[in-house]
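Here's the structure, in structure tokens; my notes come after.
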Amino acid sequence: SQTIHQWPATLVQPVGSPLSLECTVEGTSNPNLYWYRQAAGRGLQLLFYSVGIGQISSEVPQNLSASRPQDRQFILSSKKLLLSDSGFYLCAVDSGGFSYNSPLHFGNGTRLTVT
Amino acid sequence: DAKTTQPPSMDCAEGRAANLPCNHSTISGNEYVYWYRQIHSQGPQYIIHGLKNNETNEMASLIITEDRKSSTLILPHATLRDTAVYYCIVRPSLDSGGGADGLTFGKGTHLIIQP
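Chains A and B supply the protein sequences, listed in that same order.
The working numbering numbers the first residue of the first sequence as 1 and each following residue consecutively.
The working numbering numbers the first residue of the second sequence as 1001 and each following residue consecutively.
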């Protein structure tokens, strides 16, 4: 079964500082990887997804970027954080390919507060 | 994408069956119905999914109407730990042109289990 590692669990960063959140996955190969964000009191928003190394699709224009340097590693970054970047960031994975029948599984998330 | 409609909140007594409805009247023939739940401050947890037939696993049962325009998630013996926001999601089909795509979360149903 898949295991998703996200760290850190919580993070407090000042406005204008850089950000790097890392997600690694075990127990699967060639997965599809996703970054979601949940702002306080709001729903889950898909930010990026990746179907393979170096392949990134952005769902929402924003202050963030994503990279996939290895098959099971997904990184979320920002050069300069904004207050509006605060939220609960979740990495998710599914088994990849073009199957209709592949649930997404989520990590435990990183709660980011920009001050 | 097919949209879903869920009641914003529901109550259920502990030990009773919790029946959570979802309307997805614009669902396409090759789209799955997925159910997730999110307990406060945690990442979403996959519960169950189905296409046409009813499905059952260790967590819940999923009943899909014959016309596929609605479904019901059943938690057979609700406990206090089942208090969470439950999301009904229709997953866009994956095809040779689109590659992966994430789940689109709505506002869900806040299920409160009463002792």
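Note that beta-carbon positions come from the ideal geometry of N, C-alpha and C, so glycine has one too.
Given the structure is predicted, the values throughout are model-derived calculations rather than measurements.
- Look at the beta carbons and you see the stretch 63-78 of chain A not touching the stretch 1011-1018 of chain B: under three pairs across the two are nearer than 8 Å.
- Looking at A:Pro103, A:Thr10 and A:Gln62, the one whose alpha-carbon comes closest to that of Leu112 of chain A is A:Thr10.
- Asp85 of chain A sits in a helix when the DSSP states are folded into three classes.
- A contact is defined here as three or more CB-CB pairs under 8 Å, and the stretch 8-27 of chain A fails this definition with respect to the stretch 1052-1070 of chain B.
- In this structure Asn101 of chain A is exposed. Its beta-carbon is surrounded by fewer than 16 other beta-carbon atoms within 10 angstroms.
- At a cut-off of 8 Å, the C-beta of Lys1003 of chain B has no neighbouring C-beta in chain A.
- Per DSSP, the unbroken beta strand (DSSP E) holding His1049 of chain B starts and ends at Gln1045 to Gly1050.
- Counting of Cβ neighbours within 10 angstroms places Ile1047 of chain B among the buried residues, the total reaching 16 or more.
- Look at Leu19 of chain A here: in three-state DSSP terms it is strand.
- By the C-beta density criterion, Ile1039 of chain B is exposed, having fewer than 16 other C-beta atoms within 10 angstroms.
- Using a Cβ-Cβ cut-off of 9 Å, Gly54 of chain A is close to nothing in chain B; its nearest Cβ partner there is about 14 Å away.
- When C-beta atoms of the stretch 1100-1115 of chain B are compared with those of the stretch 33-53 of chain A, three or more pairs fall below 8 Å, so the two segments count as touching.
- Ala1084 of chain B: member of the beta strand (DSSP E) spanning Ala1084 to Arg1091, first to last residue.
- Distance from the Cα of Lys79 of chain A is smallest, within the candidate group A:Asn63, A:Ala92, A:Phe88 and A:Cys23, for A:Asn63.
- Comparing alpha carbon positions, the residue from A:Asn30, A:Arg37, A:Phe106 and A:Leu90 closest to Ser84 of chain A is A:Arg37.
- Contacts between His105 of chain A and chain B, judged by CB atoms closer than 7 Å, involve Tyr1046 in chain order.
- In terms of beta-carbon proximity, Gln1042 of chain B lines the interface with chain A, with at least one pair separated by less than 8 Å.
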